[in-house]
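>
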Amino acid sequence: MKIGIVGDFSPKYPSQIATNNALRHTLGKLGISIEFEWIATATINKQLDAIKHTYNGFWIGPGYPDYLDGVLSIIQFARENDIPLLGTCGGFQYIIMEYAKNKLMLEHAAHEERDPHASQIIISKLACSLVGQKGEVILRKHSKIFDIYKTEYINEQFRCNYGLSSQYEKQIHDSGLRIVGTDSAGNPRVIEIPELKFFIGTLFVPQ
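Heads up: the sequence shown at position 28 corresponds to 13 in this note's numbering, and the numbers run straight through without jumps.
1. For a quick check, are the C-beta atoms of R64 and L181 less than 9 Å apart?
2. For P(-4), which residues from the same chain have a beta carbon less than 8 Å from its beta carbon, with the 5 sequence-adjacent residues on both sides left out?
3. Does the stretch 15 to 31 come into contact with the stretch 66 to 76, if we say contact requires no fewer than three beta-carbon pairs (one atom in each stretch) closer than 8 Å?
4. Please classify R163 as buried or exposed, where buried requires at least 16 neighbouring CB atoms within 10 angstroms.
5. Rounded C-beta distance between I81 and I107? I'm assuming under 8 Å.
6. Curious, which full-length alpha helix (DSSP H) runs of at least 4 residues does the stretch -5 to 38 contain?
7. Using three-state DSSP, classify I178 as helix, strand or coil.
8. In the structure shown, what three-state DSSP assignment does I68 receive?
9. Comparing C-alpha positions only, which one of R125, E121, I29 sits nearest to P179?
10. If you follow the alpha helix (DSSP H) that A85 is part of, which residue opens it and which one closes it?
11. What first and last residue would you give for the alpha helix (DSSP H) that runs through E154?
12. For P47, count the other beta carbons within 10 Å of its own beta carbon; 16 or more makes it buried, fewer makes it exposed. Which is it?
13. Going straight from the alpha carbon of H93 to that of C145, what length do you get?
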């Protein structure tokens, strides 16, 4: 099995170092052999067909990708073909953007950090930055994420300034990209598509 980590790796970014370490720890813990490597976002559109046939699953990693369109293409491919996919921090945000653009057909769906004057800002700046903070996340029972953690309350590390805009929460959730984890105030922190084998996004960085 080969896992593609989608993002532009920098050894200066702690969450990306933690991503590699988490995978190595997991492979050792489970005693299994899986290859993994980072996929630079500038290469995706030129090699999309090869990428589709090379990897058995994808992790949309934390960070600010150089080329967002390539990231969205991989998310769309995984969603439409039931390929296992995990998105953390920025990955959570880009899962929502892809879904808004290609499933809900909101063609102007945008990320406030990249396009602050867009007409459809799906990912907006959080009222309070979560960079460097730990916080409680409440998981909904009867969800895949609850089955993984086996508890309703978890405490996780955050490194983000942006999240799902409250204006689009109901539309996103009701259309099938379920909000299955929130903070104590009800703000979205985990999303998943229940019908797929494994398609989960966390605004926190579990790695």
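Don't be surprised by glycine CBs; every beta carbon is placed ideally from N, CA and C.
Let me lay it out:
1. Yes; because the gap between Cβ atoms is below 9 Å, this pair is in contact.
2. Only I2 meet the Cβ criterion.
3. no
4. buried
5. 6 Å
6. -1 to 15
7. coil
8. The answer is coil: DSSP assigns I68 none of H, G, I, E or B.
9. R125
10. 75 to 87
11. Element bounds for E154: 154 to 159.
12. So P47 ends up on the buried side.
13. Their Cα atoms are separated by approximately 23 Å.
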